[in-house]
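S.K.:
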Amino acid sequence: MATTRLRKFGRAVSKVYSPGFGFLLLFVTYVPIVLVIIFSLNESVIAAFPLEKFSLTWYQQLFQNRSIMLAFRNTMIIGIGAVAGSLAIGVTAAFLLHRYKFLFSSFFNIVILLPFLLPGIFTGLALLLFFSSVGIPKSLFTVFIGHVVFCTAVVFKTVLARLMVVRKSLEEASYDLGASSTQTFFYVILPNIRNALLTGSLLAFVLSFDETLITFFLIGAQLTLPLKIWGMMRAKFTPQVHA
Numbered sequence: 001m002a003t004t005r006l007r008k009f010g011r012a013v014s015k016v017y018s019p020g021f022g023f024l025l026l027f028v029t030y031v032p033i034v035l036v037i038i039f040s041l042n043e044s045v046i047a048a049f050p051l052e053k054f055s056l057t058w059y060q061q062l063f064q065n066r067s068i069m070l071a072f073r074n075t076m077i078i079g080i081g082a083v084a085g086s087l088a089i090g091v092t093a094a095f096l097l098h099r100y101k102f103l104f105s106s107f108f109n110i111v112i113l114l115p116f117l118l119p120g121i122f123t124g125l126a127l128l129l130f131f132s133s134v135g136i137p138k139s140l141f142t143v144f145i146g147h148v149v150f151c152t153a154v155v156f157k158t159v160l161a162r163l164m165v166v167r168k169s170l171e172e173a174s175y176d177l178g179a180s181s182t183q184t185f186f187y188v189i190l191p192n193i194r195n196a197l198l199t200g201s202l203l204a205f206v207l208s209f210d211e212t213l214i215t216f217f218l219i220g221a222q223l224t225l226p227l228k229i230w231g232m233m234r235a236k237f238t239p240q241v242h243a
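Under full-length UniProt numbering, read the sequence shown as residues 1 to 243, first letter to last.
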């Protein structure tokens, strides 16, 4: 009876979510991106049809804008640093939680995931209060720490999920053949989790690159690219934003 109901439900869903509906979703998702690209190539300052003339003027001005390039550099530095920091902490935490069963392992898991699960405004405010209490001024360094705290959860869960499906017998066979712990890690474990490391790194970088709320609370005099674009949109929306 339950199987029959599930089949009926599946057929009903397939009728509603037809291929046409899927194409409609893709259309709604990607058309704004295409429009942004088109307007960035328009010579006019007005983002509207009909287009006046295709030009690369706004891209030229974009790359000549020192403040935007500096914000982009800051974003890349923080992003790469956040990936390195979250990999170091996330992989270590995943190994500890997977290899050893200790008293507060569930609490340890929650502590790592909490900054990612909480709304960014809470995480950013908590970090701001912490840095203020210990006398650390707001800067790119505080933003870097905030992004590491935020992105570690992604790397941690990605690596932990992969470690759970790696067969324990592979490690045991490596030790039986006389390999050390270091050799076992680099020649047995690492090849089995490298895709998880790559996935976690990419996700961490994308999240760091796009992060705004935590950055807003922790940034000092300098800006990251998302905050720079946000400021440009508030002051005067120019086609440089499209570019």
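For glycine and all other residues, C-beta sits at the position ideal for the given N, C-alpha and C. Note that this is a predicted model, so its numbers are computed, not measured.
For E172, is the classification buried or exposed, using 16 other Cβ atoms within 10 angstroms of its Cβ as the cut-off for buried?
M.R.: Counting from 1 along the sequence shown, the entry for residue 172 is found at position 172. With fewer than 16 Cβ atoms within 10 Å of its Cβ, E172 is classed as exposed.
S.K.: Assuming L163 and I193 form a contact by the criterion Cβ under 8 Å, report the distance between their Cβ atoms to the nearest whole angstrom.
M.R.: Working through the sequence shown from its first residue, we reach residue 163 at position 163. Working through the sequence shown from its first residue, we reach residue 193 at position 193. Sure, about 6 Å apart at Cβ, within 8 Å.
S.K.: Can you pull the DSSP bridge partners for F54?
M.R.: Residue mapping note: residue 54 aligns to position 54 of the sequence shown, counting from 1. Paired residue(s): N42.
S.K.: For L140, which residues in the same chain have their Cβ closer than 8 Å to its Cβ, ignoring the five residues on either side in sequence?
M.R.: Taking the sequence shown and counting its residues from 1, one reaches residue 140 at position 140. The residues are N74, I77, I78, I219, G220, Q222.
S.K.: Compute the distance between the beta-carbons of F150 and L207, then report whether it is under 8 Å.
M.R.: In the sequence shown, residue 150 corresponds to position 150, counting from 1. In the sequence shown, residue 207 corresponds to position 207, counting from 1. A contact, by the Cβ cut-off of 8 Å.
S.K.: Can you tell me which of the three DSSP states P137 falls into?
M.R.: Counted from its first residue, the sequence shown places residue 137 at position 137. The answer is coil: DSSP assigns P137 none of H, G, I, E or B.
S.K.: What residues in its chain sit with their C-beta under 8 Å from that of L113, if we drop five residues either side in the sequence?
M.R.: Translated into positions along the sequence shown, residue 113 becomes position 113. Hits under 8 Å: A153, F156, K157.
S.K.: Just the Cα atoms here: how many angstroms apart are L127 and S40?
M.R.: Position 127 of the sequence shown holds residue 127. Position 40 of the sequence shown holds residue 40. Distance between the alpha carbons of L127 and S40 is about 37 Å.
S.K.: Can you give me the Cβ contacts of G120 inside the same chain, cut-off strictly under 6 Å, excluding the 5 residues immediately before and after it?
M.R.: Along the sequence shown, one-based indexing puts residue 120 at 120. Here the set comprises L213, I214.
S.K.: Between the alpha carbons of V111 and H147, how many angstroms are there, rounded?
M.R.: As a first step, residue 111 must be located in the sequence shown, where it is residue number 111. As a first step, residue 147 must be located in the sequence shown, where it is residue number 147. Their Cα atoms are separated by approximately 15 Å.
S.K.: Tell me whether A88 is buried or exposed, calling it buried when 16 or more other Cβ atoms sit within 10 Å of its Cβ.
M.R.: Position 88 of the sequence shown, counted from the first residue, corresponds to residue 88. Exposed is the call here.
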